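Participant:
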Amino acid sequence: MFAAILSTDRVPIDPPPGQLSATDGLEVAMAGGGRLALLASRDAQVDEWRGIASLANRFWIAGRLRLDRRGALQDRLGTTRESSDADLCLLAYAARGEHFLEEIAGDFSFVLWDEGANELICARDQLGVRSLFHATVRGRHFVSDSLGWMASRPEITRALDDYWVADFLAVGHSLDFHRTIFAGVARLPPGHKLKLSGANARAKAYWRLDVPEPLHYRDGRQYAEHFHALMNSAVADRLPASAKVGVSMSGGLDSTTVAAFAVALTGDPARVVAECVHYERLMPDDEARFSSLAADCLGISLRRRAVDDMTYDRDWRRRGLHTPEPTRSIVFAHWTRMIMSEMADAAPVWFYGEGPDNALHFERDVYLSWLLKRRKWRQLIGASLHYLGIKGREAWARGMRRSVAEPADRPTTGGLPQWLDRDLVSKLRLEERAREAGEIIDRSHSWHPRAIGSFTNPIWQALFAERDLEETLAPLLWRHPFLDLRVLEFMLSVPPVPWARNKLLMRQAMQGRLPREILDRPKTPLADSPIEKPIRELGLGDLEADGFIEKYVDIESVPRATAVDDDLSALIAVHALDHWIMYNYRKG
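If you want my numbering, it's the 1-based position in the sequence shown plus 9.
1) Under the rule that 16 or more other beta-carbon atoms within 10 Å means buried, what is R217, buried or exposed?
2) So is D2 buried or exposed if we call it buried at 16+ other beta carbons inside 10 Å?
3) If you drop the 5 nearest sequence neighbours on each side, which residues of the same chain put their C-beta closer than 7 Å to that of Y232?
4) Identify, in the order they occur along the chain, each residue of the same chain with its Cβ nearer than 8 Å to the Cβ of V340, setting aside the five sequence neighbours on each side.
5) Taking one C-beta from the stretch 100-111 and one from the stretch 172-185 each time, how about it: are there three or more such pairs within less than 8 Å?
6) Given a threshold of 16 other Cβ atoms within 10 Å of its Cβ, counted over all protein chains shown, does I165 qualify as buried or as exposed?
7) Secondary structure at W589, three-state DSSP: helix, strand or coil?
8) Do the stretch 119-139 and the stretch 198-206 meet, that is, are 3 or more Cβ pairs less than 8 Å apart?
9) Which of the three DSSP states is assigned to R59 in this structure?
10) Quick check: what's the CA-CA separation for L302 versus T266?
11) Just to confirm, is the Cβ distance from I309 to A268 under 8 Å?
12) To which residues does DSSP link R211 through a beta bridge?
13) Taking the alpha-carbon positions, what's the R90 to G72 distance?
14) Helix, strand or coil for I165? Go by DSSP, reduced to three states.
15) Just to confirm my understanding: we take F557, look at its own chain, exclude 5 residues before and 5 after, and list those with CB closer than 6 Å. What are they?
16) Inspect the beta-carbon positions of F491 and G391 and report whether they are closer than 8 Å.
17) Nearest CA to the CA of L74: which residue from G43, M10 and W469?
18) List in chain order: all unbroken alpha helix (DSSP H) runs of 4+ residues lying wholly within the stretch 40-101.
19) Just how far apart, CA to CA, sit A443 and I450?
20) Distance check for G43 and R67, CA to CA, integer angstroms please.
21) Just list the residues that DSSP pairs T145 with in beta bridges.
22) Would you mind listing the alpha helix (DSSP H) stretches within the stretch 288-365 that are 4+ residues and don't spill past its ends, in chain order?
23) Identify which residue in R139, Q135 and N209 has its Cα closest to the Cα of R149.
24) Per DSSP, which residues does S7 bridge with? Please list them.
25) Anyone know if the C-beta pair for L380 and Q388 falls short of 8 Å?
26) Would you list, in sequence order, the uninterrupted alpha helix (DSSP H) runs of no fewer than 4 residues that lie entirely inside the stretch 411-483?
27) Can you give me the Cβ contacts of R595 inside the same chain, cut-off strictly under 7 Å, excluding the 5 residues immediately before and after it?
28) In terms of residue numbering, what span does the alpha helix (DSSP H) encompassing V503 cover?
29) Please report how far the alpha carbon of L397 lies from the alpha carbon of G157, in whole angstroms.
30) Tell me where the beta strand (DSSP E) around W216 begins and ends.
31) Who are the Cβ neighbours of R431 in its own chain at under 7 Å, not counting the five residues just before and after it?
32) According to DSSP, what are the bridge partners of D7?
33) Taking only the alpha-carbon atoms, compute the straight-line gap between L15 and G115 and give it to the nearest angstrom.
34) Which two residues bound the contiguous beta strand (DSSP E) that contains L15?
35) What residue from L110, R188 and L494 has the CA that sits closest to A214's CA?
36) At which residues does the alpha helix (DSSP H) containing R516 begin and terminate?
Next up, the structure:
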């Protein structure tokens with residue numbers, strides 16, 4: 010955890026540093042003639058810089074950083090290999106000013122103080138893997154990567170943000186990047202910087218996902234070669250220097266690909282461990298069998314964990330677990346903590362395989378239409394022939410009929426829960442906002458709109474928030490090799506036809522590295538919701554936060570879990586919000 014408190018005028022920070030340190034249990038540094046207090050926890054993590062650092066007492070930084078492409082950055086800056094990620098950020102800023110953010114990539118959030126300019130520059134990584142929150146109140150700016158710390162400051166109001174709450178109840182997460190559960194605390198969006206100077210606070214994007222043209226190679230083998238080179242770099246940048254590394258590994262293509270690269274780069278299968286969660290009774294599930302095939306092929310140890318009895322904790326209300334914001338996962342957080350603790354014992358760093366399903370979204374019609382409009386005849390004929398050869402003429406005809414009958418760019422969403430307060434729904438335009446949540450299309454992108462749009466959806470923020478929660482439950486770190494900007498932008502630039510169909514790019518790239526059964530296995534989503542049966546049998550309990558939650562829901566209309574015909578996720582959200590409010594406002 011780190012934080013900064015900046016006076017908006019020339020008045021020094023009060024209380025003094027010693028009192029701040031004693032109160033918060035943090036290392037404290039002062040700058041700006043006492044106007045700025047930097048705070049950082051002293052806990053250490055494997056290969057991730059955390060803390061406070063300075064350069065010639067002119068520039069100061071506090072945060073958490075793990076940078077990609079360190080070697081190239083060190084060469085450009087002319088510094089030594091021993092320089093920390095914080096040193097590299099400070100040197101890059103000294104050399105390029107605010108443009109230094111164009112030099113760095115990775116997982117990070119930090120604040121950087123420029124003594125000469127009297128400015129505090131706050132930044133969050135391009136995809137938002139790490140969080141950053143800010144507030145301005147009573148003559149002070151507050152910035153931190155901990156929403157809990159922000160909410161604990163007596164100066165900051167703890168009034169709830171109605172939009173955040175309504176979005177959570179309707180779709181499970183906020184539909185605005187900048188909102189938090191607290192009306193007085195904002196979240197810096199991914200790829201943004203925030204400049205604080207005096208009373209001014211200016212947030213601005215420093216990066217956006219942009220893949221203007223597809224990457225065309227005459228020799229198709231070059232795509233696999235390019236993929237190998239970039240994945241080697243991405244995984245190498247995320248490997249711990251000497252400790253073991255874990256892979257959250259299903260029996261699918263994505264996570265097993267990450268495991269294969271980890272084994273190849275470490276050169277020692279004993280340094281790679283894997284964890285597969287699967288079901289034995291609740292539903293059909295082949296993950297254990299396929300993950301075992303991959304583990305045997307790679308020579309790594311695999312823990313197969315049957316979680317049929319861990320999808321729901323009947324005592325979740327009495328566990329005393331607290332989350333910074335309401336989350337539906339609170340109903341099984343007890344089991345998550347147990348699993349995360351055992352995973353942390355096995356390895357301090359764990360790889361997560363999210364990314365290819367979005368980046369390699371198969372957008373056939375829009376891509377071929379784009380080629381036609383641009384009169385790119387060679388690419389159009391080549392893509393069409395390649396696709397025909399893979400799919401077959403009969404399947405092509407069926408697909409064309411289906412695409413005409415069911416346009417791919419018209420996603421739909423279900424209706425809102427009937428127990429939501431109707432005045433609130435109308436006031437916040439919640440039905441319209443929920444419909445927009447299903448529109449994950451970037452209509453400004455002419456040939457890959459759904460794939461590009463999927464990475465600008467706030468649901469990623471919700472995913473990273475869940476990983477953050479897991480990191481607070483146990484001493485481990487999550488890392489995302491497929492979300493390395495080099496890998497992500499390459500996957501998005503690969504022509505969707507044919508390379509995105511069934512992730513052909515990866516299936517060809519991993520020939521000879523993974524078992525044939527995995528390379529041939531189609532995408533296999535869960536057959537059912539694993540949480541539905543236990544909740545229907547055990548119930549969710551009673552709503553308790555009277556006087557608070559009525560603003561958002563009609564309590565008399567909220568059904569019991571056993572009586573719900575539709576998806577339970579919205580009902581779980583009501584109970585999660587109720588529990589969170591009780592902990593934060595009624596726990597005394």
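Note that the Cβ used here is the ideal one computed from N, Cα and C, for glycine as well. Quantities reported herein were computed from a predicted structural model and do not represent experimental measurements.
Facilitator: Short version:
1) exposed
2) Lying before the first or after the last residue shown, residue 2 is absent from the chain, which here runs from 10 to 597.
3) Y226, V503, W508 and L514
4) Y321, D322, W325, I540, I544, L549, I581, H584 and A585
5) no
6) buried
7) helix
8) yes
9) strand
10) 13 Å
11) yes
12) K204
13) 21 Å
14) coil
15) I590
16) no
17) M10
18) 79-86
19) 14 Å
20) 14 Å
21) H150
22) 296-307 and 342-355
23) N209
24) Only positions 10 to 597 of the chain appear in this structure, which leaves residue 7 out of reach.
25) yes
26) 431-436, 439-447, 458-463 and 468-482
27) A554
28) Element bounds for V503: n/a, residue is neither H nor E.
29) 55 Å
30) W216 -> no beta strand (DSSP E), and no H or E assigned at all.
31) none
32) Absent from the model: residue 7. The displayed extent of the chain is 10 to 597, so no value can be given.
33) 26 Å
34) F11 to S16
35) L110
36) L513 to A518
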